[in-house]
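Line by line, the protein sequences are chains A and B. In this text, residue positions in the first sequence follow our numbering: the first is 1, and each later residue adds one. In this text, residue positions in the second sequence follow our numbering: the first is 1001, and each later residue adds one. A quick write-up on the structure given underneath.
2 protein chains.
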Amino acid sequence: MDGAFAAEELGLALNNASLPPEALRYDVTPLGLHYTLSHFDIPALKASHRLTVEGAVQRPRAFSAADLRALPQKTVRTTMECAGNGRAGMTPRYPSMPWTSGAVATAEWTGVPLAALLGQVRPVPEAVEVAFHGADLGFDSGVEHHYARSLAMRDATDEVLVAWAMNGQPLLPQHGAPLRVVVPGWYGMASVKWLTRIELLDRPFDGYQQVVGYQYRKAAGGEPVPVRHMKVKSLITPPGIPDWYTRRRLVERGQVELEGRAWSGAGVPVTRVELGVDGAWRDAEVFPPAEKYAWQRWRAVWNAVAGEHELACRATDAAGARQPPEPDWNMGGMGNNAVQRMPVTVR
Amino acid sequence: MDGAFAAEELGLALNNASLPPEALRYDVTPLGLHYTLSHFDIPALKASHRLTVEGAVQRPRAFSAADLRALPQKTVRTTMECAGNGRAGMTPRYPSMPWTSGAVATAEWTGVPLAALLGQVRPVPEAVEVAFHGADLGFDSGVEHHYARSLAMRDATDEVLVAWAMNGQPLLPQHGAPLRVVVPGWYGMASVKWLTRIELLDRPFDGYQQVVGYQYRKAAGGEPVPVRHMKVKSLITPPGIPDWYTRRRLVERGQVELEGRAWSGAGVPVTRVELGVDGAWRDAEVFPPAEKYAWQRWRAVWNAVAGEHELACRATDAAGARQPPEPDWNMGGMGNNAVQRMPVTVR
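Below, the structure is given as structure tokens:
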């Protein structure tokens, strides 16, 4: 990482919540430890909040909380990662939220499948996209807007949820209360919080966060590629104990149980995780996911000898994608799935 | 603030949670929005965890969760602020957690009053301090230690709690599960999390966080003054809407309802809050605290005209203490209760 961060970057780091690395130990991230990325203020929505579903539909309608709970519901355990996770590791660095590796977590979301909700309003055949509008309002690069994102109809599957509960409790304010979208397998920007309105469109959505934000761009004039599914990635649950200021780890010599998490996007499972010790790779044990969209645990035993070492882990998914040694640099600092390296001292 | 922050400072900002400023709107901070300051990793303690109370007592004993719940219990709403809150605003800046203003929140804690717990073990007359030992372990400035702090017997009052619930729910891991100390009216360092052991001492406690950390020091050779109660302070709930990157606020012209929070330490109420607009001060309305140790709401109406403005607020407590215009600088960056200044643009 570059040595110096701007006051604005610090401000964003303070305004959003990062998963403390030791919290990788939990299969389901406890309340309050799940990462957050809020573009603007957390809105104060009332319990009487209603969700409008309108646009290219035959029967536009506003749904109360009770209306939604009367529809079919399901609970999905899903790992969600911010598209900007790892941005602090890209040089030069885009001026934005300077995530290191903690913008990822796993939760159990309960809500109505989007397909069931859309069945209530009957999209017309011309509908090609579903846009989700949040209540959060502010500026980005001089453009005033409510946060909003869309999905193509083919992506608006039964697996997308309009959720009102997280880990069995009503959504907390910072996670979208009272209602949010959850799009499993995608980077987090698709999972719009504080949902006020679903709009069926007969044309592609042109909101700021859809066409300007969340694009992979190699150069200012270059062709943008939309950010979509998460990429294959893995992290190490830090062994040993930390130093307060540097967070450098101190580990006892001998047989050390190492473990961590691995995930990919679009419901593709991780099939291989390798542990790197001082540059030498060997296979770790990787466990199946508890559910299709949940991260997987990996473990390996390391015979640690006294001295300075570098640990690393590298995942490969069932589609053959493998983490690269270095970030695939892009202007916005999106989608960094480079191998994590963790220096440790063994005593 | 200085323009440049070190990677280690960013790492701490990511590892701890800051109250988003708009969350000042809640009388009681919702779960997951309360600030956290964890010196080391969040420990993974089991439900079978027992609390040992020992040392200068007649009847040392280990308490299970059920044992503790059989004792008298109470719920206290208390505002807690980190002693380092505002550190980022002190120049030169101590290399530590670079809080701006968000290391404060209010929660309802449920537990057994310390006096009732100590009644079970009967401290001997020679006992002068109560030390609280946490399970969290790591290094600070080369010293390996479990986080631990003490209170003099005169401070170990009935108002100190050994708490197992926050906002009516079992403690979350990051807030000390399954058991923590809550010392109302003090800066947060006194409220030891992940409590494993209470030790009655016939001499002052000499732990690192007691005698080295959490001291006001003007110079390396100078006499340290222990950090104790919170100082009088107030904050503004940001009006209008933010810009994503700068968090600069944009406010609509006209009658603007401004509000915020004010608190002091040791249960002393705030008696006056002044609103500053472009350097001119006038009284705001300040409401009584919901409970002795809870922050107080203040409000004022501002007739905002288009242009650039600076808002500020300044509290005075019943003991006559008033917020200073500039921080009372000290080496560790502790106890910054300088007046908050908030630039806003009115359109």
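All C-beta atoms in this analysis are idealised placements derived from N, C-alpha and C, irrespective of residue type, glycine included.
Beta-carbon neighbours of residue i, restricted to chain B and to distances below 9 Å
i, result
"Q174 (chain A)", "P1020, A1023, P1030, G1032, L1033"
"A165 (chain A)", "Here the premise fails: no neighbours, minimum Cβ distance about 14 Å."
For residue i, the residue or residues it bridges with in DSSP
i, result
"L161 (chain A)", "A:P113, A:V182"
"I198 (chain A)", "A:V53, A:F132"
"W263 (chain A)", "A:K233"
"L1137 (chain B)", "B:H1146"
"P170 (chain A)", "A:A165"
"V1256 (chain B)", "B:W1302"
"V1192 (chain B)", "Per DSSP, none; premise fails for V1192 (chain B)."
"W341 (chain A)", "This sequence places Arg at residue 341 (chain A); Trp is not what is there. Partner(s): A:A312."
"F1063 (chain B)", "B:L1051"
"Q296 (chain A)", "A:A262"
"W281 (chain A)", "A:G276"
"T1079 (chain B)", "B:T1106"
"F5 (chain A)", "B:F1005"
"L1151 (chain B)", "B:V1130"
"L250 (chain A)", "A:I241, A:T345"
"K74 (chain A)", "A:G111"
"P123 (chain A)", "A:V57"
"V1270 (chain B)", "B:D1317"
Residue i: contacting residues in chain A (beta-carbon distance under 7 Å)
i, result
"T1246 (chain B)", "E8"
"A1044 (chain B)", "R25"
"H1102 (chain B)", "Sequence check: residue 1102 (chain B) is Gly here, not His. Residues of chain A passing the Cβ test: L14."
Partner residues on chain A for residue i, Cβ-Cβ distance less than 8 Å
i, result
"L1013 (chain B)", "Going by the sequence as given, residue 1013 (chain B) is Ala instead of Leu. In chain order: L10, A13, L14."
"P1242 (chain B)", "F40, D41, G138, F139"
"F1005 (chain B)", "A4, F5, A6, A7, E9, L10"
"A992 (chain B)", "The structure shown has nothing for residue 992 (chain B), since chain B only spans 1001 to 1347."
Within chain B, the residues that residue i reaches when beta carbons sit closer than 7 Å
i, result
"P98 (chain A)", "L1010"
"P95 (chain A)", "Y1245"
"A219 (chain A)", "None at all; the shortest Cβ gap to chain B is about 21 Å."
"A290 (chain A)", "Going along chain B, no residue has its Cβ under 7 Å from A290 (chain A), so there is no contact; the nearest lies around 19 Å."
Whole-angstrom C-beta distance between residue j and residue i, which should lie under 8 Å
i, j, result
"M90 (chain A)", "I236 (chain A)", "Not really, about 20 Å apart at Cβ, beyond 8 Å."
"L1151 (chain B)", "V1183 (chain B)", "7 Å"
"R87 (chain A)", "G333 (chain A)", "3 Å"
"P1337 (chain B)", "K1231 (chain B)", "Note on residue identity: the sequence assigns Asn, not Pro, to residue 1337 (chain B). Yes, N1337 (chain B) and K1231 (chain B) are in contact; Cβ-Cβ is about 4 Å, under 8 Å."
"M186 (chain A)", "G134 (chain A)", "The sequence as given places Trp at residue 186 (chain A); Met does not occur at that position. Contact doesn't hold; Cβ gap of about 16 Å is too wide."
"T29 (chain A)", "A107 (chain A)", "6 Å"
"G1240 (chain B)", "V1251 (chain B)", "4 Å"
"A304 (chain A)", "T78 (chain A)", "No, A304 (chain A) and T78 (chain A) are not in contact; Cβ-Cβ is about 34 Å, not under 8 Å."
"W1099 (chain B)", "T1075 (chain B)", "The Cβ separation is near 28 Å, so there is no contact."
"G55 (chain A)", "G1032 (chain B)", "That belief does not hold up - the Cβ atoms of G55 (chain A) and G1032 (chain B) are roughly 33 Å apart, past 8 Å."
"H97 (chain A)", "L12 (chain A)", "This sequence places Met at residue 97 (chain A); His is not what is there. Right, the Cβ-Cβ distance comes to about 4 Å (below 8 Å), so this counts as a contact."
"S1018 (chain B)", "A1103 (chain B)", "6 Å"
"G1276 (chain B)", "L1311 (chain B)", "7 Å"
"A1315 (chain B)", "K1233 (chain B)", "6 Å"
Neighbouring residues, chain B, relative to residue i (Cβ below 8 Å)
i, result
"A17 (chain A)", "A1017, G1032"
Cβ-heavy atom distance, residue i to the ligand GDP, below 6 Å
i, result
"A1135 (chain B)", "The ligand GDP is absent from the structure shown, which contains no ligand whatsoever."
(request) Within the region 1201-1247 of chain B, note down every full beta strand (DSSP E) run reaching 3 residues or more, in order along the chain. (result) 1233-1236
(request) Taking only beta carbons into account, state which residues of the region 131-161 of chain A come closer than 7 Å to chain B, listed in chain order. (result) L137, G138, F139, D140
(message) Using a Cβ-Cβ cutoff of 8 Å, what residues of the region 1247-1259 of chain B are near chain A? List them in chain order.
(response) R1247, L1250
(message) At 3 residues or longer, what runs of the beta strand (DSSP E) sit wholly inside the region 298-338 of chain A?
(response) 307-317
(request) Anything in the region 288-318 of chain A with a Cβ closer than 7 Å to a Cβ of chain B? List those residues in chain order, please. (result) none
(request) Return the residues of the region 1106-1120 of chain B that lie within a Cβ-Cβ distance of less than 9 Å from chain A, sorted by chain order. (result) none
(message) If the cut-off is 9 Å on Cβ atoms, which residues from the region 65-89 of chain A count as contacting chain B, listed in chain order?
(response) A88
(request) Entirely within the region 18-53 of chain A and at least 3 residues each: give me those beta strand (DSSP E) ranges in chain order. (result) none
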